[in-house]
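Last residue of the sequence shown? That's 1423 in the numbering used here, and every number before it is there in order. One structure is given here, and the rest of the page talks about it.
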Amino acid sequence: MSEASPQPVAIERKPFEGEVYDVMGGAARWEVRVHDHGLVALTDVMPRFAPVGKTADFAIVQAARVSYGEGTKQVNEDTGLIRYLARHRHSTPFEMVEFKFHHVMPIFVARQWIRHRTANVNEYSARYSVVRDRFYHPSAENVRKQSASNRQGGSEPMDAATAEEFLAYLDRVERDYEQYQRFIDKGVAREIARIALPASVYTEWYWKIDLHNLFHFLSLRMDAHAQQEIRDYANAMFELVRPIVPVAAQAFLDYNFGAVH
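Structural data, given as structure tokens:
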């Protein structure tokens, strides 16, 4: 054996202490449909198993109490500890819970989303694969006026005539997908053919993040100042994680999103 080779170690595999259950109920994924072609899917959680009678919140408590052990703490005391941690911004224990999602969303939503650089991301590549014929097409009510007070946001709906004119414009843009497909068929490289596609075309990725940074993301993207389209995704994500970590989720609403200290 080479001197540089790692030395073998003895691995002891210990069973769970007591009965445990799958926090996702044995499902491969939990899905919420968003808009016309969008998707938020929860595909995995860490911890995946929790003691019977508890939720994945237990991992937050376990990390917070590592200095002196869990002892005989009761569930109500665990709840109080999680709320104390959230209220006083002790974030590290929340990082011990992680979620992996599969998202399908328009490129303009993804480009806002990727500004949050605290997740692990692997996105669909339009250089290697053909872009699918999927476009975000808002309803007439979602064609919004430019806000007078928010330079990067919209306000109330446009008048019906202008909204219908804009939607007809989107129809024309989406028909150009046929040209994209035609040039792909003629041999134009996918990395070049894609540049004519609009920001309304859908992309997708796998996105993994810890609970602390997820709550930070949600505090910004569930907020009323965020663009409606990304808010819809953020709200769906919150509803997926809420039953996994119900105590932490309520503390987030009370002390972070609700801004009560």
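For every residue, glycine included, the Cβ atom is placed at its ideal position computed from N, Cα and C.
**Item:** Residue environment, V1185, which counts as buried when at least 16 other CB atoms sit within 10 Å
**Value:** Buried is the call here.
**Message:** Less than 6 Å between C-beta atoms, sequence neighbours within five positions excluded: which residues of the same chain meet that for Y1339?
**Reply:** Taken in chain order, the residues that qualify are D1295.
**Request:** Give every residue of the same chain whose Cβ lies closer than 6 Å to the Cβ of I1392, excluding the five residues on either side of it in the sequence, and list them in chain order.
**Result:** Hits under 6 Å: V1271, Q1274 and R1383.
**Message:** Quick check on the burial criterion: 16 or more other C-beta atoms within 10 angstroms. Buried or exposed for T1217?
**Reply:** Here T1217 is buried: its Cβ has 16 or more other Cβ atoms, across all protein chains shown, within 10 Å.
**Request:** State the Cα-Cα distance for the pair M1320 and F1328, rounded to the nearest angstrom.
**Result:** One C-alpha to the other measures close to 10 Å.
**Asked** Is I1276 buried or exposed, if buried means 16 or more other CB atoms sit within 10 Å of its CB?
**Response** Here I1276 is exposed: its Cβ has fewer than 16 other Cβ atoms, across all protein chains shown, within 10 Å.
**Item:** Secondary structure of H1378, DSSP reduced to three states
**Value:** If DSSP states are grouped into helix, strand and coil, H1378 belongs with the helices.
**Asked** How far does the beta strand (DSSP E) with F1261 in it reach, from first residue to last?
**Response** Under the DSSP assignment, F1261 falls in the beta strand (DSSP E) whose first and last residues are E1260 to P1268.
**4 or more residues per run - each alpha helix (DSSP H) lying fully within the stretch 1340-1369** = Complete alpha helix (DSSP H) runs here, min 4: 1352-1355.
**Prompt:** Nearest CA to the CA of A1322: which residue from S1309, R1334 and E1303?
**Reply:** Cα-wise, what sits closest to A1322 is E1303.
**Asked** Around the Cβ of F1178, are there at least 16 other Cβ atoms within 10 angstroms (buried) or fewer (exposed)?
**Response** F1178 counts as exposed, since fewer than 16 other C-beta atoms from the protein chains shown sit within 10 angstroms of its C-beta.
**Nonlocal neighbours in the same chain, by C-beta distance under 6 Å from L1373, ignoring five residues either side** = If you ignore the 5 residues before and after L1373, its C-beta comes within less than 6 Å of the C-beta of F1256 and V1259, all in its own chain and listed in chain order.
**Asked** In terms of alpha-carbon separation, which member of E1285, V1407, I1346 and S1309 lies closest to K1370?
**Response** Comparing Cα-Cα distances from K1370 to each of E1285, V1407, I1346 and S1309, the minimum goes to E1285.
**Y1417 burial status per 10 Å Cβ neighbour count (16 or more: buried)** = Buried, by the Cβ-count rule.
**Prompt:** Excluding sequence positions up to five away, which residues of its chain have a Cβ less than 6 Å from the Cβ of R1249?
**Reply:** The answer, listed in chain order, is Y1417.
**Under the three-state DSSP convention, the category M1384 falls into** = In the structure shown, the three-state DSSP call for M1384 is coil.
**Prompt:** What did DSSP end up calling M1208 once you bin it into helix, strand or coil?
**Reply:** It is a strand residue.
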